[in-house]
Amino acid sequence: MTRVEELRRTRTTGGVGPLLASTGISVTGDGAFLAAAPLLAASLTRNAFEVSTVTAAFYAPWLVAGLPAGALADRWPRRLVMVSADLSRASVLAVLALAVATGHASLPLLLAAILLVGIAQCFFDSSAQAVIPTLVGRDKEALARTNGRYWAIDTVGRSLVGPPLGTATFVLNKFLPFAADAVSFVASALCVSRLPQMSAASEQHQTMTAAIRAGLRHLRETRELRVLAASMATYNFAYNVAFATFVLYATRVLHVAAAGYGLLLATAAVGGMLAGWRAAPLTRNLSYRQVMAIASLAQGLVWLGVTLLPNVYVTGVLLMFLGAASALISVAAGSARSSMTPDHLLGRVVSAFRLFGIGSAALGALTGGATAGAAGLHAPFWISAILLVIAASVTWPWRRDQ
Numbered sequence: 243m244t245r246v247e248e249l250r251r252t253r254t255t256g257g258v259g260p261l262l263a264s265t266g267i268s269v270t271g272d273g274a275f276l277a278a279a280p281l282l283a284a285s286l287t288r289n290a291f292e293v294s295t296v297t298a299a300f301y302a303p304w305l306v307a308g309l310p311a312g313a314l315a316d317r318w319p320r321r322l323v324m325v326s327a328d329l330s331r332a333s334v335l336a337v338l339a340l341a342v343a344t345g346h347a348s349l350p351l352l353l354a355a356i357l358l359v360g361i362a363q364c365f366f367d368s369s370a371q372a373v374i375p376t377l378v379g380r381d382k383e384a385l386a387r388t389n390g391r392y393w394a395i396d397t398v399g400r401s402l403v404g405p406p407l408g409t410a411t412f413v414l415n416k417f418l419p420f421a422a423d424a425v426s427f428v429a430s431a432l433c434v435s436r437l438p439q440m441s442a443a444s445e446q447h448q449t450m451t452a453a454i455r456a457g458l459r460h461l462r463e464t465r466e467l468r469v470l471a472a473s474m475a476t477y478n479f480a481y482n483v484a485f486a487t488f489v490l491y492a493t494r495v496l497h498v499a500a501a502g503y504g505l506l507l508a509t510a511a512v513g514g515m516l517a518g519w520r521a522a523p524l525t526r527n528l529s530y531r532q533v534m535a536i537a538s539l540a541q542g543l544v545w546l547g548v549t550l551l552p553n554v555y556v557t558g559v560l561l562m563f564l565g566a567a568s569a570l571i572s573v574a575a576g577s578a579r580s581s582m583t584p585d586h587l588l589g590r591v592v593s594a595f596r597l598f599g600i601g602s603a604a605l606g607a608l609t610g611g612a613t614a615g616a617a618g619l620h621a622p623f624w625i626s627a628i629l630l631v632i633a634a635s636v637t638w639p640w641r642r643d644q
């Protein structure tokens, strides 16, 4: 074992504090943005498919920029990549907020802003996930604890604090949630700048194509990672089939007001926060695949319950379980990547996971919008439930050697 490896094994979650602080700040702004953007879209168009394109736009950048971003995140100093991505997102959102404030907002402008923010996110997320094992080591317990806290904080900001803040400020003035997200990214950049300086992890002599292929080859040749990536892709596709038009289901079927929509989304954060913070003991005796399978099955049952029991209070309780399952899926995938991937490939493997996982979410959102438009707002929930049950059965390690 090298001296660097020895140092990494002795590190604790304390060294990741600035990253966790950055996450808490920026995802709160993101939560406001995620809730306000569909509301802005719904105020610009009544077409269900057009509204669903907003959700798709959040994830589509991974289809075109994910792999190059992961390769460059391995090639460039990761702290610099994260700071630059944060400041880029702040600039784009400031322009969008100005357009909304002056009455020049349009659906194409909103989609363009979401896409640009998403491209910057490809760089940030590839680097952020890659620095975790550098800061805390590769011990399973340490990774589960750190990833659990990371996703618990992400859930609180993105689902508990952010959405109500986004909907409430949207009601006050439509430009406020977008301006708040811009400010949050500036604050996030300041937090990230306090991380220790980290040099590039990979060699500079590889061509971009060769670097991307190396990351994909590692994912393809590592069976557990390959299964988890496929399961994550199916889960994200199914989740977004149901969620893409959930704003329409909530407002038209459950009769939730605009300000109440954010509160409904926030119920998912309660389960996500608790499950994420307790991820280490909850997953200690389970393999990564077992965690993924159980959480996928739970989510399938949630969407089935939402469509069979159209009540706002029942839906709120079910969304709590949805949040818990989502947190554990993220912890399992993140910990598996960190423990099974060498540092110089980690950014690329993270981006490959996101390509198949988050990229499929965009396709799921479009499918959900088209399904809702053709067969009604309940149809996407049935499709999602069926897909998630199938994914759980395929992911579960039925043989002992799995």
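Numbering (the numbering used here), first residue to last: 243 to 644.
Glycine residues also receive a C-beta, built at the ideal position from the N, C-alpha and C atoms.
Keep in mind that this is a model prediction, so the values were computed, not measured.
Residues near VAL512 by beta carbon distance below 6 Å, same chain, minus five either side:
Cβ within range, chain order: MET562.
Could you give the DSSP three-state label for ASN241: helix, strand or coil?
Look at the range of the chain in this structure, 243 to 644, and you will see that residue 241 is not part of it.
Taking the beta carbon of TYR555 as the centre, do at least 16 other beta carbons fall within 10 Å, making it buried, or is it exposed?
The residue in question, TYR555, is exposed, as its Cβ has fewer than 16 Cβ neighbours within 10 Å.
Please report the Cβ distance between VAL498 and LEU490, rounded to the nearest whole angstrom; I am assuming they are in contact, meaning their Cβ atoms lie under 8 Å.
A Cβ-Cβ separation of about 11 Å leaves VAL498 out of contact with LEU490 under the 8 Å criterion.
In angstroms, rounded to a whole number, what distance separates the CA positions of GLY273 and GLY408?
Taking the straight line joining both Cα atoms gives about 7 Å.
Taking 8 Å as the threshold, find out whether the region 370-380 comes into contact with the region 526-542 through three or more Cβ pairs.
With the cut-off at 8 Å, the region 370-380 and the region 526-542 do not touch.
Inter-residue spacing [alpha-carbon to alpha-carbon] between GLN532 and ARG462:
Roughly 20 Å between the two C-alpha positions.
For ALA614 and SER430, I'd like the C-alpha separation in whole angstroms.
When rounded, the distance between both Cα atoms is 37 Å.
Coarse secondary structure for GLY457, derived from DSSP in three states
Note: GLY457 maps to helix in three-state DSSP.
Grouping DSSP H, G and I as helix and E and B as strand, with all else coil, what is SER426?
In the displayed model, SER426 falls within a helix according to three-state DSSP.
For ALA617 and ALA594, the rounded distance between their alpha carbons:
The alpha-carbon separation between ALA594 and ALA617 amounts to approximately 33 Å.
Among TYR392, ALA343, ASP585, which one has its Cα closest to the Cα of SER568?
When each option's Cα is compared against that of SER568, the closest is TYR392.
To the nearest whole angstrom, what separates the beta carbons of ASN482 and GLY599, a pair I think is in contact under 8 Å?
GLY599 and ASN482 do not touch by the CB rule: their CB atoms are close to 11 Å apart, not below 8 Å.
Would you mind sorting THR509 into buried or exposed? The rule is 16 or more other CB atoms within 10 Å of its CB.
Buried is the call here.
Measure the alpha-carbon distance for LEU588 versus ALA472 and round it to whole angstroms.
When rounded, the distance between both Cα atoms is 18 Å.
Do you know how far the Cα of SER326 is from the Cα of PRO260?
Cα to Cα, PRO260 sits roughly 16 Å from SER326.
Could you check what DSSP says for GLN439 in three-state terms: helix, strand or coil?
Residue state, collapsed to three classes: coil.
Quick one: using the 10 Å Cβ neighbour count with 16 as the cut-off for buried, is ARG387 buried or exposed?
Buried, since its Cβ has 16 or more Cβ neighbours within 10 Å.
Identify, in the order they occur along the chain, each residue of the same chain with its Cβ nearer than 8 Å to the Cβ of LEU309, setting aside the five sequence neighbours on each side.
Cβ neighbours of LEU309 within its own chain (closer than 8 Å, five residues either side excluded): ILE454, GLY457, LEU458, ARG590, SER593, ALA594, LEU597.
What would DSSP say about TRP545, mapped onto helix, strand or coil?
Helix, per DSSP.
Where does THR252 sit, in a helix, a strand or coil, going by DSSP?
Here THR252 scores only 39 on pLDDT, less than 50, and its place in the model should not be relied on; the value that follows carries that caveat. Of the three classes helix, strand and coil, the one that applies to THR252 here is helix, per DSSP.
Touch check for the region 267-283 and the region 404-424: three-plus C-beta pairs under 8 Å?
Because the criterion of three Cβ pairs below 8 Å is met, the region 267-283 and the region 404-424 touch.
Cβ of LEU349 within 8 Å of Cβ of LEU286?
Yes.
Starting from the Cα of GLY188, find the closest Cα among ASN289, SER264, ARG465, VAL342 and give me that residue.
Nothing about residue 188 can be read from this structure; the chain reaches only from 243 to 644.
Give a yes or no on whether the C-beta atoms belonging to ALA604 and ALA298 are separated by under 8 Å.
Remark: C-beta atoms of ALA604 and ALA298 approach each other more closely than 8 Å.
Identify whether ASN478 lies in helix, strand or coil by the three-state DSSP scheme.
Here ASN478 sits in helix by DSSP.
For the alpha helix (DSSP H) holding LYS382, just list the boundary residues, first then last.
Note, LYS382: alpha helix (DSSP H), 382-397.
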